[in-house]
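Chains as they are written, first to last, in our numbering: chain L, 1 to 139; chain Z, 140 to 520.
Before any comments, here is the structure.
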């Protein structure tokens, strides 16, 4: 098997709780103690209400595809052929970048905007587990 | 005492200068800027030493710049390299002149991106806050991909089509064919557009701007001094900015709210309406942003930017000829700066085959995160 060559996140003191959680197959994001807004940046200040006091809180891992695209040109090593990137709007409000997995070809017609998806956790190495999403099975 | 002692009330562009566009590995960004400024000074009919303010953009070596040009500025600064800062940089020059601290400011842009191998994507690309944590591991990067996603969203909400993006590309290419300086001159058909390869689906090669080396300079001065220069002055009638950085989550309104605020301010300043505008210059790093800007600045109803383009409105002979030099898509990606030069030349009235007859008002529209607009006119008031 080829070594993993795709970019890895630099795990910092501020992002460590996020990556520790994904390692345990949980999705956490910073949430404002006051207005309960979730954020996708790792700072102690709430951009929504201005409160100082933002702490990690769990999310359900369910959401919908907000937008998508498919890279044919590559900017990073480790990707073979075209690959999709989607922005998923989580049911608690925040939007995160991800890849959609579990469709036959990974093409955009298989992942329309609005499609219900759920998190799956893909272990890359001992410290990094990525959060990807798959269509919610209709069964 | 007074911190503002010689306050001015109007500003004009009195000189513009450009280098060639293309691959010029013998020059770095700073020397491209120096070349452009020498052209602009010649155009204005002044010596470099007559310039007393210097604002550099993208070229960061203001030290070498000042050494080689041997100017003695009373104000010198360099703004961040991203194209989003173009309108904001001109806004600083305008404010410096209005305050009275300087009389004649050069804003100078130098870009060696082609020779330096600028990719606008990948490691080191800063588009998207926290992208190394939350974007790169999934292969997400590049302003092109962001526009691809925003277009998908627009298409979902308003049924916009890739043929409408193609219409943008074709319109600007037609204009480029009238501009000997434009890098891309070959005629384009919709079949050519649809056959061009995907870069980040649904966007294709012909939805992307052209990375080149080049430099642009503009010389601005207080309106009451403008008549002393060689060229017919072009007045800055209005200039406004609203910045909204959408973190890593992408804007949910295509920048519409920010553009609406900028639009209102700039038209009030200039005391002209959209009805008075003769031509547009729209920042076109990717085709979708042209649709967003037309809608955000009120030239097309929301969701109907694509249909507006397809009506021919942006073409020479249409209601609002746009990017008459070919824009970033077909002239060269000079990050807004070549659009300023084109606006000025339209208002001087000497553009030959691509002149908009009788042009008196041209508006520059820059959507995106640092949303700005400038209204230029042949008259100060």
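For glycine and all other residues, C-beta sits at the position ideal for the given N, C-alpha and C.
No experiment lies behind these values; they were computed from the predicted model shown.
Check: Nearest chain Z C-beta to residue 22(L) closer than 8 Å, yes or no?
Finding: For the purposes of this step, residue 22(L) is taken as residue 22 along the first chain, with counting starting at 1. Not one chain Z Cβ lies under 8 Å of residue 22(L).
Checklist line | Within chain L, partners of residue 337(Z) - CB distance below 7 Å | finding: As a working note, residue 337(Z) is residue 198 in the second chain. In chain order: 72.
Notebook entry, point to check: Using CA coordinates, which residue listed in 12(L), 10(L), 128(L), 66(L) is at the minimum distance from residue 85(L)?
Noted result: Against the first chain, residue 85(L) aligns to sequence position 85. Per the Cα distances, 66(L).
Next item on the list: Output, in chain order, the set of chain B residues within a Cβ distance shorter than 7 Å of residue 98(L).
Entry: Looking for chain B here will not work: the only protein chains present are L and Z.
Check: Taking 7 Å as the line, does the beta carbon of residue 483(Z) fall inside it for any heavy atom of the ligand MN?
Finding: As for the ligand MN, it is missing from this structure, which has no ligand bound.
Note to self: For a contact defined as C-beta to C-beta under 7 Å, what are the partners of residue 291(Z) on chain L?
What the structure shows: Along the second chain, one-based indexing puts residue 291(Z) at 152. Simply 67, 68, 69, 113.
Item checked: Beta bridge counterpart(s) of residue 157(Z) as assigned by DSSP -> Position 18 of the second chain holds residue 157(Z). Paired residues: 355(Z).
Item checked: chain Z within 8 Å of residue 10(L), Cβ atoms only -> Locating residue 10(L) in the first chain gives position 10, where the first residue counts as 1. Yes, because at least one Cβ of chain Z sits closer than 8 Å to the Cβ of residue 10(L).
Checklist line | Simplified DSSP state of residue 241(Z), which is helix, strand or coil | finding: As a first step, residue 241(Z) is located in the second chain; it is residue number 102 there, counting from the start. Shown here, residue 241(Z) sits in coil according to DSSP, grouped into three states, outside any helix or strand.
Checklist line | Proximity of residue 98(L) and residue 472(Z) at Cβ, strictly below 8 Å | finding: For this step, residue 98(L) is matched to residue 98 along the first chain. For this step, residue 472(Z) is matched to residue 333 along the second chain. No, they are not a contact pair.
Notebook entry, point to check: Using the C-alpha atoms, what's the distance from residue 41(L) back to residue 146(L)?
Noted result: This structure cannot settle anything about residue 146(L), because the visible part of chain L is limited to 1 through 139.
Next item on the list: Please list, in chain order, all residues of the same chain as residue 310(Z) whose beta carbon is under 6 Å from its beta carbon, the five residues on each side excluded.
Entry: On the second chain, residue 310(Z) is found 171 positions in, with the first residue counted as 1. Hits under 6 Å: 453, 454.
Margin query: Determine, for residue 280(Z), whether the minimum Cβ-Cβ distance to residues of chain L falls below 8 Å.
Written below: In the second chain, the residue the question calls residue 280(Z) occupies position 141. Output row for residue 280(Z): interface = yes.
Check: So, are the CB atoms of residue 511(Z) and residue 353(Z) less than 8 Å apart?
Finding: Residue numbering aside, residue 511(Z) sits at position 372 when the second chain is read from its first letter. Residue numbering aside, residue 353(Z) sits at position 214 when the second chain is read from its first letter. Not in contact: residue 511(Z) and residue 353(Z) (Cβ atoms no closer than 8 Å).
Next item on the list: May I have the straight-line CA-CA distance separating residue 241(Z) from residue 79(L), to the nearest angstrom?
Entry: To locate residue 241(Z), count along the second chain from 1; it is residue 102. To locate residue 79(L), count along the first chain from 1; it is residue 79. Near 53 Å, if we compare the C-alpha coordinates of residue 79(L) and residue 241(Z).
Notebook entry, point to check: With 16 as the cutoff for other CB atoms within 10 Å, does residue 462(Z) come out buried or exposed?
Noted result: By one-based count along the second chain, residue 462(Z) stands at place 323. Classification of residue 462(Z): buried, given that the 10 Å Cβ count is 16 or more.
Next item on the list: Please compile the residues from chain Z whose C-beta is within a distance smaller than 8 Å of the C-beta of residue 6(L).
Entry: The residue labelled residue 6(L) in the question sits at position 6 within the first chain. 276, 278, listed in chain order.
Note to self: So, under 8 Å CB-CB, residue 290(Z) and residue 153(Z) are touching, yes? Tell me the CB distance rounded to an integer number of Å.
What the structure shows: As a working note, residue 290(Z) is residue 151 in the second chain. As a working note, residue 153(Z) is residue 14 in the second chain. That pair is no contact at about 39 Å.
Margin query: Classify residue 188(Z): buried if its beta carbon has 16 or more other beta carbons within 10 angstroms, exposed otherwise.
Written below: As a first step, residue 188(Z) must be located in the second chain, where it is residue number 49. So residue 188(Z) ends up on the exposed side.
Check: By DSSP, does residue 454(Z) sit in helix, in strand, or in coil?
Finding: As a first step, residue 454(Z) must be located in the second chain, where it is residue number 315. Looking at residue 454(Z) - three-state DSSP - the assignment turns out to be coil, as it is neither helix nor strand.
Next item on the list: Can you give me the start and stop residues for the beta strand (DSSP E) that residue 217(Z) sits inside?
Entry: Position 78 of the second chain, counting from 1, holds the residue named residue 217(Z). Element bounds for residue 217(Z): 214-218.
Next item on the list: Going by DSSP, name the residue or residues bridged to residue 130(L).
Entry: Translated into the one-based positions of the first chain, residue 130(L) becomes position 130. Answer by DSSP bridge pairing, in chain order: 122(L).
Next item on the list: Specify the secondary structure class of residue 169(Z) as computed by DSSP and reduced to three states.
Entry: Numbered from its first residue, the second chain carries residue 169(Z) at position 30. Helix.
Note to self: Among the candidates 314(Z), 316(Z), 320(Z), 306(Z), whose CA atom is the shortest distance from the CA of residue 332(Z)?
What the structure shows: The sequence position of residue 332(Z) within the second chain is 193, counting from 1. Looking at the Cα atoms, 306(Z) is the closest of the given residues.
Notebook entry, point to check: Any idea if residue 139(L) is buried or exposed, counting beta-carbon neighbours within 10 angstroms, 16 or more meaning buried?
Noted result: Residue numbering aside, residue 139(L) sits at position 139 when the first chain is read from its first letter. Because residue 139(L) carries a pLDDT of 48, less than 50, the predicted location of this residue cannot be relied on, and no value is offered for it.
Item checked: residue 303(Z): contacting residues in chain L (beta-carbon distance under 9 Å) -> Along the second chain, one-based indexing puts residue 303(Z) at 164. The premise fails here: residue 303(Z) is roughly 17 Å from chain L at the closest Cβ pair, so nothing lies under 9 Å.
Next item on the list: Give the DSSP-derived three-state secondary structure of residue 299(Z) in the structure shown.
Entry: Position 160 of the second chain, counted from the first residue, corresponds to residue 299(Z). Judged by DSSP in its simplified three-state form, residue 299(Z) adopts coil rather than helix or strand.
Note to self: Among the candidates 318(Z), 322(Z), 283(Z), whose CA atom is the shortest distance from the CA of residue 339(Z)?
What the structure shows: Residue mapping note: residue 339(Z) aligns to position 200 of the second chain, counting from 1. Among 318(Z), 322(Z), 283(Z), the Cα nearest to that of residue 339(Z) belongs to 283(Z).
Checklist line | Nearest-angstrom Cβ-Cβ length linking residue 493(Z) and residue 371(Z), presumed shorter than 8 Å | finding: For the purposes of this step, residue 493(Z) is taken as residue 354 along the second chain, with counting starting at 1. For the purposes of this step, residue 371(Z) is taken as residue 232 along the second chain, with counting starting at 1. 18 Å between Cβ atoms; not a contact.
Margin query: Would you say residue 79(L) lies against chain Z (beta-carbon separation less than 8 Å)?
Written below: Position 79 of the first chain holds residue 79(L). Put simply, the CB of residue 79(L) is near chain Z, with a gap under 8 Å to one of its CB atoms.
Margin query: I'd like to know if residue 434(Z) contacts chain L, where contact means its C-beta is closer than 8 Å to some C-beta of that chain.
Written below: Taking the second chain and counting its residues from 1, the one referred to as residue 434(Z) is at position 295. Not an interface residue.
Notebook entry, point to check: When the Cα atoms are used, what is the spatial distance from residue 47(L) to residue 34(L)?
Noted result: Along the first chain, read from residue 1 onward, the residue named residue 47(L) stands at position 47. Along the first chain, read from residue 1 onward, the residue named residue 34(L) stands at position 34. Looking at the two C-alpha atoms, the distance is approximately 12 Å.
Next item on the list: Give a yes or no on whether the C-beta atoms belonging to residue 359(Z) and residue 236(Z) are separated by under 8 Å.
Entry: Sequence index remark: in the second chain, residue 359(Z) carries index 220 (1-based). Sequence index remark: in the second chain, residue 236(Z) carries index 97 (1-based). Yes, the pair counts as a contact, with Cβ atoms nearer than the cut-off.
Next item on the list: Look up residue 96(L) in the DSSP assignment and give the residues it is bridged to.
Entry: As a working note, residue 96(L) is residue 96 in the first chain. Residue 96(L) pairs with 88(L).
Note to self: Just verifying my parser: in three-state terms, what is the DSSP assignment at residue 416(Z)?
What the structure shows: As a first step, residue 416(Z) must be located in the second chain, where it is residue number 277. Residue 416(Z): coil per DSSP, three-state reduction.
Next item on the list: Can you grab the Cα-Cα spacing for the pair residue 81(L) / residue 382(Z), in whole Å?
Entry: Along the first chain, one-based indexing puts residue 81(L) at 81. Along the second chain, one-based indexing puts residue 382(Z) at 243. About 36 Å.
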